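Number of protein chains: 4
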Amino acid sequence: MAVSTEQRVRRAAVRLFATRGFHGTGIRDLASAAGISSATLYHYMGTKEDLLVAIMRECLDRLLRAARQALDSFHDPDDPNDPVAALSALVTLHVMAHAALPEETRVVDNEVGALSRGARRHVVRLRDEYEAIWADTLDQGVATGVFDVPDPAVTRLALLEMCTGVARWYSPRGPLSLRDLGDRYAQLALRMAGAASPAGATAAERAAEVAAQVWRIRP
Amino acid sequence: MAVSTEQRVRRAAVRLFATRGFHGTGIRDLASAAGISSATLYHYMGTKEDLLVAIMRECLDRLLRAARQALDSFHDPDDPNDPVAALSALVTLHVMAHAALPEETRVVDNEVGALSRGARRHVVRLRDEYEAIWADTLDQGVATGVFDVPDPAVTRLALLEMCTGVARWYSPRGPLSLRDLGDRYAQLALRMAGAASPAGATAAERAAEVAAQVWRIRP
Amino acid sequence: MAVSTEQRVRRAAVRLFATRGFHGTGIRDLASAAGISSATLYHYMGTKEDLLVAIMRECLDRLLRAARQALDSFHDPDDPNDPVAALSALVTLHVMAHAALPEETRVVDNEVGALSRGARRHVVRLRDEYEAIWADTLDQGVATGVFDVPDPAVTRLALLEMCTGVARWYSPRGPLSLRDLGDRYAQLALRMAGAASPAGATAAERAAEVAAQVWRIRP
Amino acid sequence: MAVSTEQRVRRAAVRLFATRGFHGTGIRDLASAAGISSATLYHYMGTKEDLLVAIMRECLDRLLRAARQALDSFHDPDDPNDPVAALSALVTLHVMAHAALPEETRVVDNEVGALSRGARRHVVRLRDEYEAIWADTLDQGVATGVFDVPDPAVTRLALLEMCTGVARWYSPRGPLSLRDLGDRYAQLALRMAGAASPAGATAAERAAEVAAQVWRIRP
DNA sequence: CATGAATGAGTATTCATTCAT
DNA sequence: GATGAATGAATACTCATTCAT
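Chains as they are written, first to last, in this note's numbering: chain P, 1 to 219; chain B, 1001 to 1219; chain G, 2001 to 2219; chain C, 3001 to 3219.
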């Protein structure tokens, strides 16, 4: 199956931005990694920053879409255990995405500071939207009493950083599959939230399905 | 109390490397932030990379020293609860350091990839030494049965990423003091470790004392 | 009435070369101003310089042709007042052309330096031929005593620069018609030449007719 | 007498901008013409445009200063012949400056279009101030009846273009000295203005003195 | 007839670093 | 100590031009 030049550029950019950083990656590095000349590069992108923005937006868009899609599938107002399942799903999704696409997600996490003001605003807004979903889920669990969390804000940030960190160390060559990893992290997250009952397997399964669909991850 | 030019250079470097990244910071940016000319800068440092290495080494040295010092003070082979106290101390120390010196620690976390091979080896070795302390502590707790951890490696990494992440969001202008933050995180960590009994206040207090001594943090 | 692509290219080039200069105009600017792609552009021209040369040659050719045609119509060896009519016609023609086609003429005046040696020689020869007509006219007037000119060379250059300058400021939206402008300048020129008798209206009228024919100017 | 590097840069820029145009002059051309590397160039200037602006401003500032200084010296409200002397002085000054510094003045005349909007506004304002002096002088002559000018605006523009054009052809190696040239042009200008009486030698002499002072022209 | 894709050479500007003073 | 001057190599990006389709 042939890979278009545009895709090769995108992939080279993701890899290099993730490993060397945006400012550490030269236009020539990008071009030679994509197998074209640096002049040709400009047929497939605007500026170097445009390329960065496109990578970030797609990554965040997918994360948002996945989170919304996953939570939609749990919507059952009569079930007070909902937040447990929702948190499990969010964690599973986030962790699987960060383990399966560590380069994209590291770019999003590390290079926001390299953006110009306008682009930064846009990216930060997307990120805030995403984090609001986590905050809502935590708040709902606290409100219904299924979570025991003294400081929801701190817990939310701790959870997010913990899960995001996966992109910094997970290796598909290690002993853990993406599903294993998701399960481990879901358990850790529920402990942090002080949830008495562990989530059923359903939540994680559905989350994995969403992940498979959004990122084409093989489960 | 006057600040030496060398200190001004160091501080400027920490600030700029943390906010713009190593590759995003020019030698002239450093010089003007330190209030000197770019030529004068070279009286106070070797290369730009030497400056980065020095910042990273000092930061990691301090973290190591603090961790060892804190654990030494708990050494009581007859007390099987030791690991609870030890983990509390490690988390408290790590979190306080990352909250109090977010720029230094972010440089250590984000700019390892900017180092040349030789320097990277050295820095990574220091980091591994430090993480080994966490691993030992977790293993000991599992061995003595005070921790309930299905996968110590994953838990260690989750813990470290969670605590390190503090440097990315904590603000001293927020509602939480360093001690508050340390306590919140120690509690989260013990939950993650499945520790039945919470740590006594003693561990955190001693950790805070060590932190105050090593980083001159006002508690 | 449809405009051919070739004409659109030519007009875009004239406009852009006049406003941004030859070196300030990119091939892509030309293409997009002509509504085609930069590759298609090369179906309608040789190199960028060829385009410039063609513009200049046509402009100078027309000017030469107009001047000769106008002077031919006055040829009356018995009339010592001829030079007055001839100068009036030359000035009228030159001024009308530069006012009606300021972009073409500005390109000719400003971009000679952008030509390569071979092309420059050709263009300069045309220009010299044209200026020789003015020189001859002045000399004849001096010889026959109808002009009072202490330094014919200086006067010729002053006249030419004065008339050429029209292309830098005349606007068809202003109060002056092309004929008005020609009359004003013819009068100034005769004053400069120290001509006692003003030219009759005939000279200007015939010049305007030639202009109308050569450049399709509406009088 | 040594020439500073800054002066060498300025002179190289004037020469190259005048002969090849702003867009036709590369930074490397400038550097090698100044005898330094292209990186060193940036010790002595901001951007390439800054250099252009500086050249234009100085040239226009000098022209304005000279014109004001020259007119001040004639101020005699009882003498209705004033405008004749004033116009003679303006023309002499303008012509001498354009003949003695043809490169500077051609840059001013030809490269306004290469300026960015902000800089252009500034330069155009200076030029307008200067031209207003000519307009005032003409108007005054018309009002007092010493000039016979049917259309002062056209005459002003014709005069200015005629005098400015000197920079396009005058050569110091030719037969005319700067003073000769000024005299010829002053006479042409007075004819164009329909002034009955020629200016006394005083006006030109004073103008030449001002020119000598402002531009260090040897008379 | 038209163009997307391609590129080597070039653009202006900045880089980290050195060194004479 | 401190710095202005200097630079080769790099930066991101554009150039005019070609050619297969």
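Built from N, CA and C at the ideal position, the CB exists for glycine as well. These numbers were taken from a predicted model, which means no experiment stands behind them.
With 16 or more other Cβ atoms from the protein chains shown falling within 10 Å of its own Cβ, P/R184 counts as buried. Judged by DSSP in its simplified three-state form, P/D148 adopts coil rather than helix or strand. If you ignore the 5 residues before and after B/R1057, its C-beta comes within less than 8 Å of the C-beta of H1122, V1123 and L1126, all in its own chain and listed in chain order. In the three-state reduction of the DSSP assignment, C/W3134 falls in the helix class, which pools H, G and I.
Taking a beta-carbon distance threshold of 8 Å, C/E3129 does not count as an interface residue toward chain G. From the listed residues B/V1053, B/P1083, B/A1119 and B/L1052, the smallest Cα separation to B/L1190 is found for B/P1083. Within chain G, the C-beta atoms nearer than 7 Å to that of C/H3023 come from G2021, H2023 and G2024, in chain order. Judged by DSSP secondary structure, P/L101 falls outside any alpha helix (DSSP H); it is assigned neither H nor E. C/I3133 is a Cβ neighbour of C/L3090, given a cutoff of 8 Å. Per DSSP, the unbroken alpha helix (DSSP H) holding C/M3056 starts and ends at K3048 to D3072.
Residues of chain B with a Cβ closer than 9 Å to the Cβ of P/E161 are, in chain order, E1161, M1162, C1163, T1164, G1165, V1166, R1168 and W1169. B/S1088 sits buried, since 16 or more C-beta atoms from the chains shown fall within 10 Å of its C-beta.
Taking C-alpha positions only, G/A2207 is separated from G/L2181 by approximately 13 Å. Nearest in C-alpha terms to C/A3018, of all of C/L3052, C/S3177, C/P3198 and C/T3155, is C/L3052. When DSSP states are grouped into helix, strand and coil, B/V1084 belongs to the helix group. One alpha carbon belongs to P/A33, the other to P/A12, and they sit about 6 Å apart. Along the region 128–156 of chain P, the positions whose C-beta sits under 8 Å from a C-beta of chain B are P150, D151, V154 and T155, read in chain order. G/R2010 and G/A2167 have their C-alpha atoms spaced approximately 19 Å apart.
In the three-state DSSP reduction, B/Y1185 falls in the helix class (H, G or I).
Take P/V108, set aside five residues on each side of it, and the residues of its chain with a beta-carbon closer than 7 Å to its own are M56, C59 and L60, in chain order. Between the beta-carbon of G/G2141 and that of G/A2193 there is about 6 Å, and that keeps the pair under the 8 Å contact cut.
Its Cα nearest to that of C/A3114, the residue C/G3024 stands out among C/G3024, C/A3086, C/T3005 and C/A3143.
Per DSSP, the continuous alpha helix (DSSP H) segment holding C/W3215 begins and ends at A3201 to W3215. Counting C-beta pairs with one atom in each stretch, the region 3152–3161 of chain C and the region 3098–3107 of chain C have fewer than three that are closer than 8 Å, which means they do not touch. For P/V14, the uninterrupted alpha helix (DSSP H) run begins and ends at T5 to R20, by DSSP. At a cut-off of 8 Å, the C-beta of C/A3114 has a neighbouring C-beta in chain G. DSSP places G/R2218 in the coil class of the three-state scheme, outside both helix and strand. Within the region 3190–3212 of chain C, those residues whose Cβ lies closer than 8 Å to any Cβ of chain G are, in chain order, R3191, M3192 and G3194. Sequence-distant partners of P/F22 (beyond 5 residues in either direction) whose C-beta falls short of 6 Å from its own C-beta, in its chain, are L52, E111 and A114.
Rounded to the nearest whole angstrom, the C-alpha separation of C/A3054 and P/A54 is 41 Å. Using a Cβ-Cβ cut-off of 8 Å, B/A1100 does not count as an interface residue toward chain P, since no Cβ of chain P sits closer than that to its own. Closer than 8 Å at the C-beta level to chain G, one finds these residues of the region 3175–3188 of chain C: L3176, L3181, R3184, Y3185, Q3187 and L3188. For P/I36, there is no enclosing alpha helix (DSSP H), as DSSP marks it with neither H nor E. When the Cα atoms are used, B/R1020 and P/R120 turn out to be separated by approximately 14 Å.
Interface criterion met: the Cβ of B/A1158 is under 8 Å from a Cβ in chain P. Straight through space, the alpha carbons of C/M3096 and G/L2016 are spaced by roughly 33 Å.
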